[in-house]
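Novice:
Protein chains: 2
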Amino acid sequence: MTLTELQREFLLHFGEMGSRWGINRTVGQVYALLFLSETPLNAETITDALSISRSNTSMALKELQSWNLIRLRHVQGDRRDYFTTPDDLWEIVRTLVTERRKREIDPTLTKLRELEMRGATGDPYAEARIAELRELIEMMTSFHDEMNRMETERLVELMTMGRKLGGLLDKAPKLNPFRKAT
Amino acid sequence: MTLTELQREFLLHFGEMGSRWGINRTVGQVYALLFLSETPLNAETITDALSISRSNTSMALKELQSWNLIRLRHVQGDRRDYFTTPDDLWEIVRTLVTERRKREIDPTLTKLRELEMRGATGDPYAEARIAELRELIEMMTSFHDEMNRMETERLVELMTMGRKLGGLLDKAPKLNPFRKAT
DNA sequence: TATAAATTTCAGAAATTTCTGAAATGGCTG
DNA sequence: CAGCCATTTCAGAAATTTCTGAAATTTATA
Chain A
1 MTLTELQREF
11 LLHFGEMGSR
21 WGINRTVGQV
31 YALLFLSETP
41 LNAETITDAL
51 SISRSNTSMA
61 LKELQSWNLI
71 RLRHVQGDRR
81 DYFTTPDDLW
91 EIVRTLVTER
101 RKREIDPTLT
111 KLRELEMRGA
121 TGDPYAEARI
131 AELRELIEMM
141 TSFHDEMNRM
151 ETERLVELMT
161 MGRKLGGLLD
171 KAPKLNPFRK
181 AT
Chain B
1001 MTLTELQREF
1011 LLHFGEMGSR
1021 WGINRTVGQV
1031 YALLFLSETP
1041 LNAETITDAL
1051 SISRSNTSMA
1061 LKELQSWNLI
1071 RLRHVQGDRR
1081 DYFTTPDDLW
1091 EIVRTLVTER
1101 RKREIDPTLT
1111 KLRELEMRGA
1121 TGDPYAEARI
1131 AELRELIEMM
1141 TSFHDEMNRM
1151 ETERLVELMT
1161 MGRKLGGLLD
1171 KAPKLNPFRK
1181 AT
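Line by line, the protein sequences are chains A and B.
With my numbering, letter number 59 in the first sequence gets 59, and the count goes up by one each step, no holes.
With my numbering, letter number 62 in the second sequence gets 1062, and the count goes up by one each step, no holes.
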């Protein structure tokens, strides 16, 4: 498979960004390649296109599968595995957010709860700080659960409301116990 | 400085999570230590508490400053630099989101726009995919700008609305051009 | 301005992560 | 069930990142 200039540049960018995104270069490049490919690709094709070893491709695909970011496909009369990314970009975003939460937030929430369980430690400031952090994270994860429950169309509505969002909150003053009296 | 068991465990956790959060162990531990400390700490104290080299502390503090995550303080009659984290956890979250966006999203948005500028490439599918991705990222960054503009209290209102959020959207049907006809 | 204290820089050492090639495994087909 | 093709595993090599100690620089003050 021969890459277009567009593909090459996009995929090199994803490779470079990989480390910032918590994946390695190869994983970033494999994902980028699949993302831009109209048809599913097999491991051999990916190996060629990126000039990496077959085993590296295997590991990258495994990693992407553990992130739930790629889908396995099969082609009639071909027993190799083919891979794609979902067509729907919103599905991709949902997956990304969910997986990052699972890896970057949830373990900390668990740890904070565990530390709170211990009870008095002789360090009231640290205890308060930990409790406050735990509450904040719980609020944010609940909000995420809520957004996740929404249909994509509703999500898009919410996100494109812009300036009007703040004003809209006034229309439902009774809904929220934290609401300041006016 | 001698650490409590609570501090030690919290800080070790932040050290371990560091790599998932895109910082290294030392940076994570230094941040955690400052986060739990009621009073500002100087580099010497941090070095002792974490049993690391003075230069490592210096680098970690520099890194945290580049993330805008710590504040420099001075103590009367002491010319050393002292550091703290903001008291307000919401301020911390805002900083984190803003900085991660700057590092993880903005460079890609720039690259996507650059690629689109190039015009026709003979790969319409990839072009469409890139355009769609760019639009999605723009929508999300605009939403982030909007949330950033809100006061914390409003943000908390929004986040604690739960189930009611979806319903609330119906109250402003004219605001959004993407809104489906009912 | 000289001295002392605090901090930063930086080259190399140590640790960790990524990648490869070879060997092992899995599973389909004749 | 034997042979073949596809994939995975894994030990070590290569690359990258992190950390240290020493030297350099900056800053305050005598």
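Just so you know, even glycine gets a beta-carbon here, dropped at the ideal spot from N, CA and C.
Rounding to the nearest angstrom, what Cα-Cα distance links T98 of chain A and V27 of chain A in this structure?
Specialist: The sequence position of residue 98 of chain A within the first sequence is 98, counting from 1. The sequence position of residue 27 of chain A within the first sequence is 27, counting from 1. Between T98 of chain A and V27 of chain A, the C-alpha separation is close to 18 Å.
Novice: What's the C-alpha gap between R25 of chain A and A120 of chain A?
Specialist: As a position in the first sequence, residue 25 of chain A is number 25, starting the count at 1. As a position in the first sequence, residue 120 of chain A is number 120, starting the count at 1. Looking at the two C-alpha atoms, the distance is approximately 45 Å.
Novice: Here's the rule: buried if 16 or more other CB atoms are within 10 angstroms of the residue's CB, otherwise exposed. What is A155 of chain A?
Specialist: The residue given as residue 155 of chain A occupies position 155 in the first sequence. It should be pointed out that residue 155 of chain A corresponds to Leu in this sequence rather than to Ala. Flag for L155 of chain A reads buried.
Novice: Could you tell me the distance, in whole angstroms, from the CA atom of R1080 of chain B to the CA atom of T1141 of chain B?
Specialist: Here residue 1080 of chain B corresponds to residue number 80 of the second sequence, with the count starting at 1. Here residue 1141 of chain B corresponds to residue number 141 of the second sequence, with the count starting at 1. Rounded to the nearest angstrom, the two C-alpha atoms are 39 Å apart.
Novice: For T57 of chain A, which residues from the same chain have a beta carbon less than 6 Å from its beta carbon, with the 5 sequence-adjacent residues on both sides left out?
Specialist: Position 57 of the first sequence, counting from 1, holds the residue named residue 57 of chain A. These residues qualify, in order along the chain: A43, I46 and T47.
Novice: Check the DSSP bridge columns for R1071 of chain B and list the partner residues they point to.
Specialist: For the purposes of this step, residue 1071 of chain B is taken as the residue at position 71 of the second sequence. Answer is B:T1084.
Novice: Hey, does R1094 of chain B have any beta-carbon neighbour from chain A nearer than 9 Å?
Specialist: Stepping through the second sequence from its first residue, residue 1094 of chain B is reached at position 94. For R1094 of chain B, the answer is no, since every Cβ of chain A falls outside 9 Å of its Cβ.
Novice: Count the other CB atoms within 10 Å of the CB of L1165 of chain B; is the residue buried (16 or more) or exposed (fewer)?
Specialist: Locating residue 1165 of chain B in the second sequence gives position 165, where the first residue counts as 1. Classification for L1165 of chain B: buried.
Novice: Go through the stretch 16 to 77 of chain A residue by residue and report every complete run of the alpha helix (DSSP H) that reaches 4 residues or more, in order.
Specialist: Taking only runs of at least 4 residues, the alpha helix (DSSP H) segments lying wholly in the stretch 16 to 77 of chain A are 25 to 36, 43 to 50 and 54 to 66.
Novice: Got a sec, what are the start and stop residues for the alpha helix (DSSP H) A126 of chain A sits in?
Specialist: The sequence position of residue 126 of chain A within the first sequence is 126, counting from 1. Start and end: P124 to R149.
Novice: What residues in its chain sit with their C-beta under 8 Å from that of S19 of chain A, if we drop five residues either side in the sequence?
Specialist: Start at 1 with the first residue of the first sequence, and residue 19 of chain A comes out as number 19. Around S19 of chain A: R25.
Novice: Residues of chain B with CB under 7 Å from R154 of chain A, in chain order?
Specialist: As a first step, residue 154 of chain A is located in the first sequence; it is residue number 154 there, counting from the start. Result: G1166 and L1169.
Novice: Report the three-state DSSP secondary structure of R1079 of chain B (helix, strand or coil).
Specialist: Stepping through the second sequence from its first residue, residue 1079 of chain B is reached at position 79. In the structure shown, R1079 of chain B sits in a strand (DSSP, three-state: E or B).
Novice: For T1108 of chain B versus H74 of chain A, is the C-beta spacing smaller than 9 Å?
Specialist: The sequence position of residue 1108 of chain B within the second sequence is 108, counting from 1. The sequence position of residue 74 of chain A within the first sequence is 74, counting from 1. Contact: no.
Novice: Looking at chain B, which residues of the stretch 117 to 128 of chain A have a Cβ within less than 8 Å of any of its Cβ atoms?
Specialist: Result list: R118, T121, G122, D123, Y125, A126 and E127.
Novice: Could you check what DSSP says for L1012 of chain B in three-state terms: helix, strand or coil?
Specialist: Translated into positions along the second sequence, residue 1012 of chain B becomes position 12. DSSP places L1012 of chain B in helix when its eight states are reduced to three.
Novice: Any beta-carbon of chain A closer than 9 Å to the one on K1180 of chain B?
Specialist: Position 180 of the second sequence, counting from 1, holds the residue named residue 1180 of chain B. Its pLDDT being 49, under 50, K1180 of chain B is placed unreliably by the model, and the measurement read from it follows with that caveat. It does: the Cβ of K1180 of chain B has a partner Cβ on chain A nearer than 9 Å.
Novice: What's the call for F10 of chain A, buried or exposed, on a 16-neighbour Cβ count within 10 Å?
Specialist: Residue mapping note: residue 10 of chain A aligns to position 10 of the first sequence, counting from 1. Classification for F10 of chain A: buried.
Novice: Got a sec, what are the start and stop residues for the alpha helix (DSSP H) E91 of chain A sits in?
Specialist: One-based indexing of the first sequence puts residue 91 of chain A at position 91. Here the alpha helix (DSSP H) through E91 of chain A covers L89 to R100.
Novice: Return no unless some Cβ of chain A is closer than 9 Å to the Cβ of F1083 of chain B.
Specialist: Taking the second sequence and counting its residues from 1, the one referred to as residue 1083 of chain B is at position 83. No, its Cβ sits nowhere closer than 9 Å to a Cβ of chain A.
Novice: Can you pull the chain B neighbours of L89 of chain A, defined as C-beta to C-beta under 7 Å?
Specialist: Position 89 of the first sequence, counting from 1, holds the residue named residue 89 of chain A. Ordered by position in chain B, the residues that pass the 7 Å Cβ test against L89 of chain A are E1132, L1133 and L1136.
Novice: Using Cβ-Cβ distances below 8 Å, what residues of the stretch 57 to 85 of chain A are close to chain B?
Specialist: Those residues of the stretch 57 to 85 of chain A that come within reach of chain B (Cβ to Cβ, closer than 8 Å) do not exist; the list is empty.
Novice: Could you please give the first and the last residue of the uninterrupted alpha helix (DSSP H) stretch that includes D1106 of chain B?
Specialist: Position 106 of the second sequence, counted from the first residue, corresponds to residue 1106 of chain B. From DSSP, the alpha helix (DSSP H) with D1106 of chain B extends over D1106 to M1117.
Novice: Considering just the uninterrupted stretch of the alpha helix (DSSP H) at T152 of chain A, what are its terminal residues?
Specialist: Indexing the first sequence from 1 puts residue 152 of chain A at position 152. Looking at the DSSP string, the run of the alpha helix (DSSP H) that includes T152 of chain A is T152 to M159.
Novice: Given that L1011 of chain B touches chain A, what residues does it touch there, using C-beta distances under 7 Å?
Specialist: Counting from one through the second sequence, the residue named residue 1011 of chain B turns up at place 11. Under the 7 Å cutoff, chain A gives no residues; its nearest Cβ is about 10 Å from L1011 of chain B.
Novice: Based on Cα-Cα distance, which residue from A:P86, A:T4 and A:R149 lies nearest to L64 of chain A?
Specialist: Stepping through the first sequence from its first residue, residue 64 of chain A is reached at position 64. Nearest C-alpha to L64 of chain A: A:P86.
Novice: Less than 9 Å between the C-beta atoms of M1147 of chain B and L1136 of chain B, yes or no?
Specialist: On the second sequence, residue 1147 of chain B is found 147 positions in, with the first residue counted as 1. On the second sequence, residue 1136 of chain B is found 136 positions in, with the first residue counted as 1. Against a cut-off of 9 Å, the Cβ pair of L1136 of chain B and M1147 of chain B comes out as no contact.
Novice: Using the rule of at least 16 other Cβ atoms within 10 Å of the residue's Cβ for burial, across every protein chain shown, is Q76 of chain A buried or exposed?
Specialist: As a first step, residue 76 of chain A must be located in the first sequence, where it is residue number 76. Its Cβ having fewer than 16 others within 10 Å, Q76 of chain A is exposed.
Novice: Distance, Cα to Cα, R1101 of chain B vs L34 of chain A?
Specialist: For the purposes of this step, residue 1101 of chain B is identified with residue 101 of the second sequence, where counting begins at 1. For the purposes of this step, residue 34 of chain A is identified with residue 34 of the first sequence, where counting begins at 1. If I take the Cα positions, the gap works out to 24 Å.
Novice: Over the uninterrupted alpha helix (DSSP H) stretch that includes G1166 of chain B, give me the two end residues.
Specialist: Sequence index remark: in the second sequence, residue 1166 of chain B carries index 166 (1-based). Here the alpha helix (DSSP H) through G1166 of chain B covers K1164 to L1169.
Novice: In the stretch 15 to 27 of chain A, which residues sit with their C-beta less than 7 Å from some C-beta in chain B, listed in chain order?
Specialist: Hits within the stretch, in order: M17, R20, W21 and G22.
Novice: Taking 7 Å as the limit between beta carbons, can you name the residues of its chain near I1130 of chain B, skipping five residues before and five after?
Specialist: If you number the second sequence from 1, residue 1130 of chain B lands on position 130. Excluding sequence neighbours, I1130 of chain B sits near L1112, L1115 and E1116.
Novice: Given M1 of chain A, which residues of its chain have a CB within under 8 Å of its CB, disregarding the five upstream and five downstream residues?
Specialist: Here residue 1 of chain A refers to the residue found at position 1 of the first sequence. Same-chain partners within the cutoff: L41, T45, D48 and A49.
Novice: I believe A126 of chain A touches T1084 of chain B by the beta-carbon criterion, under 8 Å. Please report the beta-carbon distance rounded to the nearest angstrom.
Specialist: The residue labelled residue 126 of chain A in the question sits at position 126 within the first sequence. The residue labelled residue 1084 of chain B in the question sits at position 84 within the second sequence. About 14 Å; that fails the 8 Å criterion.
Novice: So which of A:T95, A:Y82 and A:A60 has the shortest CA-CA distance to L69 of chain A?
Specialist: In the first sequence, residue 69 of chain A corresponds to position 69, counting from 1. Of A:T95, A:Y82 and A:A60, the residue nearest in Cα terms is A:T95.
Novice: Below 7 Å CB to CB, which residues in the same chain sit around I52 of chain A once its five sequence neighbours on both sides are set aside?
Specialist: Within the first sequence, residue 52 of chain A is the residue found at index 52, counting from 1. Excluding positions up to five away in sequence, the list reads T26.
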